[in-house]
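Heads up, the thing below is written out as structure tokens.
Protein chains: 2
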Amino acid sequence: MSNINPASFLGGNKGAWKVTRMETITGASLAPVPYVDMQPSHFPQSSLESVAWVLRGSNVHVRYTDRKEVAELTARQESLNRPEATCAALIPIRKSAQWWQMPQDERRTVFEEESRHISMSMAYLPAIARRLYQCRELGEPFDFLTWFEFAPAHANLFNELVVKLWATREWQFVEREVDIRLLHQG
Amino acid sequence: MSNINPASFLGGNKGAWKVTRMETITGASLAPVPYVDMQPSHFPQSSLESVAWVLRGSNVHVRYTDRKEVAELTARQESLNRPEATCAALIPIRKSAQWWQMPQDERRTVFEEESRHISMSMAYLPAIARRLYQCRELGEPFDFLTWFEFAPAHANLFNELVVKLWATREWQFVEREVDIRLLHQG
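Same order as they appear, the protein sequences are chains U and F.
To convert, note that position 78 of the first sequence is 78 in my numbering; the numbers rise steadily by one, no gaps.
To convert, note that position 51 of the second sequence is 51 in my numbering; the numbers rise steadily by one, no gaps.
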């Protein structure tokens, strides 16, 4: 009905992605699981006994990106599901009440003018493919689910990006973050 | 868990608000109902046989408003549930794919610099109280549910605001709109 991409990430005993590492960066952890599955719906079909948690989100319109940045991203970025991109990361993030109380212009300033979230990430394209799922509006425990796909050869490059983002002013507003690394079960 | 205000609006045979008028402005209509009820949850408790439709949304952070505008709105606006504000309007709106494909800066330009959505609406404060619920991320049939409360004496003032918004460039992107007027059952 709506022109959005919904997703549910199911952590449990089965799934297309095997968990290789799961690290709590900030705040409350998530129950450790051996597998993660993704279903393109907010109402996943699954035997619940095999699932420890479900994280839901919607990939929708951009929130901060301007015309020039969209053009540059579109020219550079790769799509998901590349055969060589057998590594993935699922990074659920929740930002503080202070972040959400800021008006749009101040959030944009922290996000890009101060933290260079878009321009700094641009250097990691096309190696790292990315999709952002919004979940704050769904009343979920996280605000975003960020999903990344890359080839095994680019795992260190991805680690470098993560560490750079941690150092930004934007990340001072992150109050919960879990970093889940995955390997596709071919 | 999240710091959001969820809501479900239930159109049916009972509820705190009696429908006085229901008009399809653009696109597909909603089934006519005699009453609307609001419950502060995405999972409303109700006997389903009395409900023709349920519209869900989340009142969250601002999307276009800047610091100066937030300050002015906060100084002027009234809260919901004023005893004299026995009239309400529920206006579900859906915008086109073309709107959502625009980057943030272009949507802001149409919304405020061209359409004066914020500054023009400011003139109707404090008479008209307002709360916006986002629902695009929920996969709902509408993108927003706009809720307004005002005294009977301000009903014509509210009509004036609605007609002014229809005339804006922003409204050229509205592809579905239903205008439901309500009276509180005291």
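Even glycine gets a Cβ: it sits at the ideal position worked out from N, Cα and C.
Treat the numbers as computed from the prediction; the structure is a model and nothing was measured.
*asked:* Any beta carbon from chain F within less than 8 Å of residue 4 (chain U)'s own beta carbon?
replied: Yes, its Cβ sits closer than 8 Å to a Cβ of chain F.
*Is it right to say residue 45 (chain F) is buried, meaning 16 or more other beta carbons lie within 10 angstroms of its own, or is it exposed?*
Exposed is the call here.
_Nearest-angstrom Cα separation, counted from residue 104 (chain U) out to residue 63 (chain F)_ = Between the alpha carbons of residue 63 (chain F) and residue 104 (chain U) lies a distance of about 6 Å.
*For residue 131 (chain U), collect the residues of the same chain with a Cβ closer than 7 Å to its Cβ; drop the 5 residues on either side in sequence, then sort them by chain order.*
Once the five neighbours on either side are set aside, the close Cβ partners of residue 131 (chain U) are 59, 80, 147.
*Interface residues of chain U facing residue 98 (chain F) [CB-CB closer than 7 Å]*: The premise fails here: residue 98 (chain F) is roughly 11 Å from chain U at the closest Cβ pair, so nothing lies under 7 Å.
_Straight-line gap, residue 97 (chain U) to residue 138 (chain F) (C-alpha atoms, nearest Å)_ = Taking the CA atoms as reference points, residue 97 (chain U) sits about 21 Å from residue 138 (chain F).
*Given that a residue counts as buried once 16 or more other Cβ atoms are within 10 Å of its Cβ, and exposed if not, what is residue 174 (chain U)?*
Buried, by the Cβ-count rule.
*If we cut at 8 Å on Cβ distances, does residue 169 (chain F) have a partner in chain U?*
By this cut-off, residue 169 (chain F) is not an interface position.
_Can you give me the C-alpha to C-alpha distance between residue 13 (chain F) and residue 72 (chain F), rounded to a whole angstrom?_
Between residue 13 (chain F) and residue 72 (chain F), the alpha-carbon positions lie close to 40 Å from each other.
*asked:* Starting from residue 88 (chain U), trace the beta strand (DSSP E) in both directions and tell me its first and last residue.
replied: Going by DSSP, residue 88 (chain U) is part of the beta strand (DSSP E) stretching over 87–95.
_Using only CA atoms, which one of U:185, U:176, U:17, U:49 lies nearest to residue 28 (chain U)?_
The residue with the shortest Cα to Cα distance from residue 28 (chain U) is U:176.
*Through-space distance from residue 68 (chain F) to residue 151 (chain F), alpha-carbon basis*: Whole-angstrom Cα-Cα distance: 28 Å.
*Measure the C-alpha to C-alpha separation of residue 186 (chain U) and residue 30 (chain U) and round it to an integer number of angstroms.*
For residue 186 (chain U) and residue 30 (chain U), the gap between their C-alpha atoms comes out near 26 Å.
*Looking at the structure shown, is residue 172 (chain F) part of a helix, part of a strand, or coil, going by DSSP?*
In this structure, residue 172 (chain F) counts as helix in the three-state DSSP scheme.
*Taking Cβ positions only, does residue 157 (chain F) come closer than 8 Å to chain U?*
Chain U, which has no Cβ nearer than 8 Å to the Cβ of residue 157 (chain F), makes this no.
*With 8 Å as the threshold, decide whether the Cβ of residue 174 (chain U) is near any Cβ in chain F.*
No, no contact with chain F.
*If you scan the stretch 49–115 of chain F from start to end, which runs of the beta strand (DSSP E) of 3 or more residues do you find wholly inside it?*
Whole beta strand (DSSP E) segments, 3+ residues: 51–59, 87–95.
*Hey, could you find the ends of the beta strand (DSSP E) residue 19 (chain F) is sitting in?*
The continuous beta strand (DSSP E) containing residue 19 (chain F) extends over residues 17–26.
*is_contact[residue 1 (chain F), chain U] using C-beta, thresh 8 Å*: Because the pLDDT at residue 1 (chain F) is just 45, under 50, the model does not fix this residue reliably, and the point stays unresolved.
*CB-CB under 7 Å to residue 53 (chain F), same chain, minus the five flanking residues each way: which ones, in chain order?*
Cβ neighbours of residue 53 (chain F) within its own chain (closer than 7 Å, five residues either side excluded): 11, 30, 31.
*Which residues in the same chain as residue 35 (chain U) place their Cβ atom closer than 7 Å to its Cβ, once the five residues preceding and following it in sequence are excluded?*
Counting only residues of its own chain and dropping the five nearest sequence neighbours on each side, residue 35 (chain U) has a CB closer than 7 Å to the CB of 12, 13, 14, 15, 17, 18, 19.
*Spell out the partners DSSP gives residue 11 (chain F) in its beta bridges.*
DSSP lists F:36, F:53 as partners of residue 11 (chain F).
*Roughly how many angstroms lie between the CA atoms of residue 111 (chain U) and residue 170 (chain U), to the nearest whole one?*
Roughly 6 Å between the two C-alpha positions.
*Anyone know if the C-beta pair for residue 179 (chain F) and residue 88 (chain F) falls short of 8 Å?*
Not a contact, by the Cβ cut-off of 8 Å.
*Nearest CA to the CA of residue 61 (chain F): which residue from F:129, F:109, F:3?*
The shortest C-alpha separation from residue 61 (chain F) is found at F:3.
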